[in-house]
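Just below is one structure, and these are the notes that go with it.
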Amino acid sequence: ITTVSSSAFRTVKGLNTVKLPSTMKDLGPNCFASSSISTINIPDGITTLQSGALSATSITSITLPSSITEFGGSMFYGCSKLAEVNILFPYTTLPGQTFRGCSSLKSYTFPEGVTTVGKLTFSGSGITELVFPAGITDIPAQVASVDKSLTTVTFKGEVTAIGSEAFKNCTALRTMNFEGKNAPTIASTNAFKVTPAYKSVNTLQISVTNAFSPANPLIIASTSAITTVTNCSPLNTGAPIVPSTKSSTS
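Here is the structure:
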């Protein structure tokens, strides 16, 4: 056996453990999606995991071997019990919705060399801190929206923009650390919006390693839910932070 075909075991209940043979090469789209499996081995030698192959299952931990060359989106979407992930293969892109809804996943470390992260990748997850490596310069829309455990975000490189609703309803988010030399533009369409259902004190502490130029200020849009912006490191004079019309700078 080399392939599990598309949707082969989708929604199958009563199947708790899957042991794949060493000959396995390809898991098709949604092949185990919404099934009851809690344990699965991914053998060394497998090359392809197609989109949603393990989505909405009950797996608690997973190791993906170095032989993998193709990794589809929504892989663990809805795996609410997933708490540990070990990715051994090199990759430059983390596809959209990979960890969406993984509410038991508390930490994730990007490897060096990652340059792209997809939309909704960490949305609704349990991640408490995100550190975007220097290679990621564009933060996509809704990347970590509704992650109610997220407290701190760090950008190691030159982020150019933070997309629409990137951190929407991240009610615990209090600190953003910018380590690049240039300020990004924080999107004008609710990057930090908190809806009435999510009640919190929306104070965002901005930490800047390299003082931003007055000609290139950090802009927080008027549609943001942030009520207070504080600086925990010195900034250049000349409005290095431009808060929204609702905000104040201290």
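Using the numbering used here, the first residue of the sequence shown is number 1434, and each one after it goes up by one.
Ideal Cβ placement from N, Cα and C applies to all residues, glycine included.
Residue range of the beta strand (DSSP E) that includes residue i
| i | result |
| --- | --- |
| MET1457 | First-last for MET1457: undefined, no H or E at that position. |
| SER1440 | First-last for SER1440: undefined, no H or E at that position. |
| MET1609 | 1608-1611 |
| THR1587 | 1585-1588 |
| VAL1564 | 1562-1565 |
One or two residues paired with residue i in a DSSP bridge
| i | result |
| --- | --- |
| THR1435 | The partner list for THR1435 (beta bridge, DSSP) is empty, contrary to what the question assumes. |
| THR1450 | THR1472 |
| ASN1519 | THR1496 |
| ILE1479 | ASP1477 |
| THR1526 | THR1549 |
| PHE1504 | LEU1482 |
Same chain, Cβ closer than 6 Å to residue i, neighbours up to 5 away in sequence not counted
| i | result |
| --- | --- |
| VAL1445 | SER1468 |
| ALA1567 | LYS1589 and GLY1590 |
Buried versus exposed call for residue i [16 or more other C-beta atoms within 10 Å across all chains shown]
| i | result |
| --- | --- |
| PRO1617 | buried |
| ILE1434 | exposed |
| THR1670 | Here the model assigns THR1670 a pLDDT of 31, short of 50, so the residue's position is not dependable and the matter cannot be decided. |
| LYS1452 | exposed |
| ASN1449 | exposed |
| GLY1447 | exposed |
| PRO1573 | buried |
| GLY1546 | exposed |
| SER1536 | buried |
Nonlocal neighbours in the same chain, by C-beta distance under 8 Å from residue i, ignoring five residues either side
| i | result |
| --- | --- |
| ALA1577 | THR1554, PHE1555, SER1556, SER1558, ILE1560, LEU1563, LEU1583, VAL1586, ALA1599, PHE1600 and CYS1603 |
| GLY1485 | PRO1462, ASN1463, ALA1466, GLY1505, GLY1506, SER1507, MET1508 and TYR1510 |
| VAL1579 | SER1556, GLY1557, LYS1601, ASN1602 and CYS1603 |
| LEU1527 | PHE1543, VAL1547, THR1549, VAL1550, GLY1551 and THR1554 |
Whole-angstrom C-beta distance between residue j and residue i, which should lie under 8 Å
| i | j | result |
| --- | --- | --- |
| VAL1518 | LEU1538 | 7 Å |
| TYR1510 | GLN1483 | Not really, about 13 Å apart at Cβ, beyond 8 Å. |
| ASP1477 | PRO1498 | 4 Å |
| ILE1473 | ILE1492 | 6 Å |
Spatial neighbours of residue i in its chain, beta-carbon cut-off 7 Å, leaving aside the 5 residues before and after
| i | result |
| --- | --- |
| THR1490 | PHE1465, SER1468, ILE1470 and CYS1512 |
| ILE1501 | ILE1479, THR1480, LEU1482 and PHE1522 |
| THR1570 | GLY1590, GLU1591, VAL1592 and THR1593 |
| THR1456 | ILE1434 and THR1435 |
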